[in-house]
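First the structure, in the form of structure tokens, and then the observations on it.
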Amino acid sequence: MTDVGAFLGGPTVIEGRKSLLGETAPQFQLAGDDGKKLSLQRLTLRGPLLMHFYRGNW
Amino acid sequence: MRQHYWDIRSLGVEFVALANEEPDNHAELRERLDLPFQLLADPDSELARALHIYHENEPAGRLIARPAMFLIDSHANGNTILWEHVSPTSRHRVEPSRIMEELMTALGFRIQVVNVIVPSSGELEHRIAALQHPPLGLHKTPQEVQPGVLVQRDFMRQLTMAAHAEVHRLAADGWRLKAVSTEYEGARPVGQRYVFARTLDEVTNMS
Chain Y
1 MTDVGAFLGG
11 PTVIEGRKSL
21 LGETAPQFQL
31 AGDDGKKLSL
41 QRLTLRGPLL
51 MHFYRGNW
Chain H
59 MRQHYWDIRS
69 LGVEFVALAN
79 EEPDNHAELR
89 ERLDLPFQLL
99 ADPDSELARA
109 LHIYHENEPA
119 GRLIARPAMF
129 LIDSHANGNT
139 ILWEHVSPTS
149 RHRVEPSRIM
159 EELMTALGFR
169 IQVVNVIVPS
179 SGELEHRIAA
189 LQHPPLGLHK
199 TPQEVQPGVL
209 VQRDFMRQLT
219 MAAHAEVHRL
229 AADGWRLKAV
239 STEYEGARPV
249 GQRYVFARTL
259 DEVTNMS
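Residue numbers (our numbering), protein chains in the order written: chain Y, 1 to 58; chain H, 59 to 265.
Put into structure tokens, the structure is as follows:
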């Protein structure tokens, strides 16, 4: 594969934060807006998942 | 993120938004914004902590999760973190087109996706009417219409024709039509979105 990092301009480095790229995502069980718990396993049964931690904007 | 939800879903990727919130607030937010995706509550920031995005920031001393995105592989593939983007500050925004590009690369796709939005005739008239001054309907003869208004009118129509032509060109050039959906601005339908894709090659990503 080509050098993806160079192509994308490299990852954003944040001081004191270790990248989790390539690691196994932490398991979770969190309540959805309907109050029902959703697990990582459930959300990734059919394919990959994009999780977006938002701060008041979309 | 809302308007890019379907772009992300077209890659076969599930999408959820998370925040340090209570589920009740999320129910209200989802209904008010009519969001097509789930909002997950991380009230104790446990997950944010586990993902190393929990930090002390503005306003002074408040602990909060940084805006961040994580692409996690399917359960069958071991839930590996394929891609991450963590914003250094809450004001930091990433270009949606860049996110799409990075997601496709992380997923091992070499595909190009083009979105064409063709305004509906109703929307076109709505926009033209909004540009008219004085408002549409007061003019009787072409002489009474300000030249600039006519230019705007023609320009809007040309844009629509160009969008139509682009849809036909892509279809004729071997691009595959992946999705057609109604484009909304709030509750108002404004046109049709055509999503075309073309595969360059597929990189096996089984490492």
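Even glycine gets a Cβ: it sits at the ideal position worked out from N, Cα and C.
For residue i, the three-state DSSP class (helix, strand or coil)
{"i": "H:E80", "result": "coil"}
{"i": "H:E243", "result": "strand"}
{"i": "H:V152", "result": "coil"}
{"i": "Y:T44", "result": "coil"}
{"i": "H:R251", "result": "strand"}
{"i": "H:R256", "result": "strand"}
{"i": "Y:Q29", "result": "strand"}
{"i": "Y:L49", "result": "strand"}
{"i": "Y:T24", "result": "strand"}
{"i": "H:L165", "result": "coil"}
{"i": "H:I175", "result": "strand"}
{"i": "H:V71", "result": "coil"}
{"i": "H:I111", "result": "coil"}
{"i": "H:L93", "result": "coil"}
Residue i versus residue j: straight-line alpha-carbon distance, rounded
{"i": "H:I130", "j": "H:H184", "result": "42 Å"}
{"i": "H:R246", "j": "H:Q61", "result": "14 Å"}
{"i": "H:A123", "j": "Y:S19", "result": "15 Å"}
{"i": "H:A255", "j": "H:T218", "result": "21 Å"}
{"i": "H:R227", "j": "H:N173", "result": "13 Å"}
{"i": "Y:F53", "j": "H:L97", "result": "10 Å"}
{"i": "Y:R42", "j": "H:N137", "result": "11 Å"}
{"i": "H:D92", "j": "H:R251", "result": "19 Å"}
{"i": "H:L87", "j": "H:W64", "result": "19 Å"}
{"i": "H:P94", "j": "Y:R17", "result": "32 Å"}
{"i": "H:G180", "j": "H:A187", "result": "10 Å"}
{"i": "H:A108", "j": "H:L165", "result": "23 Å"}
{"i": "H:P101", "j": "H:A77", "result": "7 Å"}
{"i": "H:T240", "j": "H:P177", "result": "10 Å"}
Any chain Y beta carbon closer than 9 Å to residue i
{"i": "H:I66", "result": "yes"}
{"i": "H:Q170", "result": "no"}
{"i": "H:V74", "result": "yes"}
{"i": "H:M162", "result": "no"}
{"i": "H:F128", "result": "yes"}
{"i": "H:W141", "result": "yes"}
{"i": "H:R88", "result": "yes"}
{"i": "H:L97", "result": "yes"}
{"i": "H:E153", "result": "no"}
Residue i: first and last residue of the uninterrupted alpha helix (DSSP H) it sits in
{"i": "H:I186", "result": "179–189"}
{"i": "H:A108", "result": "104–108"}
{"i": "H:D231", "result": "Here H:D231 belongs to no alpha helix (DSSP H), and DSSP marks it neither H nor E."}
{"i": "H:I66", "result": "63–67"}
Start-to-end residues for the beta strand (DSSP E) that takes in residue i
{"i": "H:E142", "result": "139–144"}
{"i": "H:I130", "result": "126–130"}
{"i": "Y:K36", "result": "Taken as a continuous stretch (DSSP letters only), Y:K36 belongs to no beta strand (DSSP E), as it is neither H nor E."}
{"i": "H:A99", "result": "96–99"}
Assumed close pair residue i, residue j - CB separation to whole angstroms, cut-off 8 Å
{"i": "H:L140", "j": "H:L69", "result": "Actually they do not touch by this definition, with Cβ atoms about 12 Å apart."}
{"i": "H:V266", "j": "Y:L49", "result": "Since the first residue shown for chain H is 59 and the last is 265, residue 266 of chain H is missing from the structure and cannot be characterised."}
{"i": "H:H133", "j": "Y:T24", "result": "That belief does not hold up - the Cβ atoms of H:H133 and Y:T24 are roughly 11 Å apart, past 8 Å."}
{"i": "Y:G32", "j": "Y:L38", "result": "5 Å"}
Proximity test, Cβ basis, 9 Å: residue i and chain H
{"i": "Y:L40", "result": "yes"}
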